[in-house]
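Quick notes on the structure that follows.
There are 2 protein chains.
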Amino acid sequence: MLQPEELGQIEKKLHQAGLKLTPQRRATVKTLVRLHESHLSAEELFAKVKEAEPEIGLATVYRTLEVLAELKIVNRVSFEDGITRYDLRTEDSGHFHHHLLCQICGAVEEIHEDLLVDVEMKVKEKYGFEVADHRLTFLGVCAKCRAKRQRHLQ
Amino acid sequence: MLQPEELGQIEKKLHQAGLKLTPQRRATVKTLVRLHESHLSAEELFAKVKEAEPEIGLATVYRTLEVLAELKIVNRVSFEDGITRYDLRTEDSGHFHHHLLCQICGAVEEIHEDLLVDVEMKVKEKYGFEVADHRLTFLGVCAKCRAKRQRHLQ
DNA sequence: CTCACTGCAAATATTTTGCATCGGA
DNA sequence: TCCGATGCAAAATATTTGCAGTGAG
Chain A
15 MLQPEELGQI EKKLHQAGLK LTPQRRATVK TLVRLHESHL SAEELFAKVK
65 EAEPEIGLAT VYRTLEVLAE LKIVNRVSFE DGITRYDLRT EDSGHFHHHL
115 LCQICGAVEE IHEDLLVDVE MKVKEKYGFE VADHRLTFLG VCAKCRAKRQ
165 RHLQ
Chain B
15 MLQPEELGQI EKKLHQAGLK LTPQRRATVK TLVRLHESHL SAEELFAKVK
65 EAEPEIGLAT VYRTLEVLAE LKIVNRVSFE DGITRYDLRT EDSGHFHHHL
115 LCQICGAVEE IHEDLLVDVE MKVKEKYGFE VADHRLTFLG VCAKCRAKRQ
165 RHLQ
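From first to last, the protein sequence lines are chains A and B.
Going by our numbering, the letters in the first sequence line up with residues 15 to 168, in that order.
Going by our numbering, the letters in the second sequence line up with residues 15 to 168, in that order.
Have a look at this one:
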């Protein structure tokens with residue numbers, strides 16, 4: 015929805031950090047914004063970026079992702095499968111988002127609602143731990159697969 | 015605390031699943047229970063098990079961990095560093111536990127308190143997602159490092 | 001006695017790095 | 001122009017697999 019906006023924002027951030035805006039970085043960021051719902055791995059992103067920028071190398075994608083993670087533009091996440099995925103931080107709210115991973119169909123849905131405000135406060139008070147960020151994934155059965163299961167039980 | 019108890023429980027589970035109780039599996043499970051607070055990687059666990067069972071191979075440790083994960087005896091977890099770690103499920107409560115990962119010193123602390131009862135209910139109601147399990151890690155600064163930081167600021 | 005299990009080494013998969021070259025600022 | 005950024009290939013890690021031999025049940 016606010017994708018072009020985000021694209022500009024991110025390029026600005028890169029610029030402010032004193033980094034060069036190479037065509038490879040542009041293409042990588044652009045693809046990342048376009049497919050931000052997909053939770054791509056480095057390899058997958060590489061394949062997508064290559065469509066627009068065939069000269070790009072996999073190492074550059076890794077290096078760009080590293081830079082983006084340092085600038086807090088993306089989060090590294092991993093869903094049990096040992097592959098690191100990259101998740102664009104939503105720029106609209108300063109808030110994190112959570113994931114719903116369906117164990118039947120493998121779909122990952124995002125929840126853009128901070129459910130942990132109270133919990134984080136409790137962690138701070140009770141354990142003296144200052145929370146800066148979090149990773150929360152629920153594993154279970156998504157609405158679609160639940161419906162499907164119902165149908166099959168008849 | 016209830017380690018020997020757990021050890022027996024786990025071996026019983028393996029047996030019930032029709033799996034052989036080889037010396038390698040015994041040694042692996044025993045080490046896992048003994049060091050259950052360490053969040054070991056396969057490689058680290060291998061090194062530890064090797065002390066008691068020098069003949070064991072790394073592949074066996076991987077294969078044993080796979081079996082244990084299938085039987086829900088361990089959870090796979092990963093803390094952003096690309097390495098899969100294995101976390102013994104606490105047998106005492108049926109409940110999950112959460113992690114506090116200190117970004118300064120790298121320590122991982124466990125919280126054995128289910129903070130998400132309300133949140134999971136909300137997820138079910140609002141998103142139609144049936145939660146079976148979750149992974150929750152807070153990233154931040156642990157109490158120890160906070161104290162250290164205070165001292166250095168003086 | 002049988003077949004699941006194992007060790008070892010080779011194969012894969014994933015990510016990082018060295019280095020000569022290129023090109024954005 | 002200059003130094004950061006890139007591509008490529010090689011290296012470093014992490015994990016899986018094929019296979020012949022072994023031993024738990």
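Backbone N, C-alpha and C fix where the C-beta goes; we use that ideal spot for every residue, glycine too.
These numbers come from a predicted model, not from an experiment.
Check	Outcome
Do you know whose CA, among B/Thr74, B/Gln117 and B/Asp101, lies nearest B/Glu94's CA?	B/Gln117
Given that a residue counts as buried once 16 or more other Cβ atoms are within 10 Å of its Cβ, and exposed if not, what is A/Ala31?	exposed
Helix, strand or coil for A/His29? Go by DSSP, reduced to three states.	helix
Should B/Met15 go down as buried or exposed, given a rule of 16 or more other Cβ atoms within 10 Å for buried?	Residue confidence is low: B/Met15 scores 48 on pLDDT, short of 50, so the model does not pin down where it sits. No coordinate-derived value is stated.
Can you name the start and end residues of the alpha helix (DSSP H) that A/His166 belongs to?	Ala157 to Leu167
Starting from B/Glu57 and walking both ways along the alpha helix (DSSP H), at which residues does that stretch end?	Ala56 to Ala66
Listed in chain order, which residues of the segment 63–94 of chain A have Cβ atoms closer than 7 Å to some Cβ of chain B?	Arg90, Ser92 and Glu94
Can you name the residues of chain B whose CB is closer than 9 Å to the CB of A/Ala121?	Per Cβ cutoff of 9 Å: no residues; A/Ala121 is ~10 Å from chain B at best.
Buried or exposed, going by whether 16 or more other CB atoms sit within 10 Å of the CB of B/Leu3?	Residue numbering for chain B in the displayed model covers 15 to 168; residue 3 of chain B lies beyond these limits and cannot be assessed.
Quick one, which of A/Leu46, A/His50 and A/His53 has its alpha-carbon nearest A/Lys64's?	A/Leu46
CB B/Leu54 to CB B/Lys62, shorter than 9 Å?	yes
Against chain B, with Cβ distances strictly below 9 Å, would A/Ile125 count as a contact?	yes
For the segment 69–86 of chain B and the segment 127–137 of chain B, state whether three or more C-beta atom pairs, one from each stretch, are separated by less than 8 Å.	no
Closer than 6 Å by C-beta to A/Phe60: which residues in its own chain qualify, once you throw out the five before and the five after it? Chain order, please.	Leu72 and Val75
Should A/His29 be listed as close to the ligand SAM, given that the test is whether its C-beta is under 8 Å from any heavy atom?	As far as ligands go, the structure on display features none, and thus does not contain the ligand SAM.
Less than 8 Å between the CB atoms is what I'm expecting for A/Val137 and B/Phe152, so what's the real figure, rounded?	6 Å
By Cβ distance below 8 Å, which residues in the same chain neighbour A/Phe143 in space, the five residues on each side in sequence not counted?	Val137
Where does B/Asp128 fall in DSSP's three states?	coil
Less than 9 Å between the C-beta atoms of B/Leu24 and B/Leu79, yes or no?	Position check: residue 24 of chain B holds Ile in this sequence, whereas Leu was assumed. Taking 9 Å as the Cβ cut-off, B/Ile24 and B/Leu79 do not qualify as a contacting pair.
List the residues of chain A that B/Arg165 touches, going by C-beta distances under 7 Å, in chain order.	The contacting residues do not exist; B/Arg165 stays about 15 Å from chain A at best.
Using the beta-carbon count (16 or more within 10 Å), is B/Ala41 buried or exposed?	buried
With distances taken between CB atoms, is the gap from B/Val91 to B/Arg149 smaller than 9 Å?	yes
Taking only beta carbons into account, state which residues of the segment 42–60 of chain A come closer than 9 Å to chain B, listed in chain order.	none
Measure the alpha-carbon distance for A/Leu49 versus A/Tyr100 and round it to whole angstroms.	11 Å
Please name the residue in B/Leu33, B/Val122 and B/Gly120 whose C-alpha comes closest to that of B/Leu85.	B/Leu33
Using the rule of at least 16 other Cβ atoms within 10 Å of the residue's Cβ for burial, across every protein chain shown, is B/Gly96 buried or exposed?	exposed
Thinking just about the alpha-carbon of each residue, which of B/Ala161, B/Cys156 and B/Glu58 is nearest to the one in B/Val122?	B/Cys156
Please decide whether A/His111 counts as near chain B, where near means a Cβ-Cβ distance under 9 Å.	no
Contact criterion: CB-CB distance below 9 Å. Does A/Thr104 meet it with respect to chain B?	no
For B/Asp101, write down the residues that DSSP places opposite it in a beta bridge.	B/Asn89
Kindly list, in the order they appear in chain A, the residues whose Cβ is closer than 8 Å to that of B/Gly154.	Phe143, Glu144, Val145, Ala146 and Asp147
Based on the DSSP output, what are the partners of B/Arg39 in its beta bridges?	Answer is none; B/Arg39 lacks a bridge partner.
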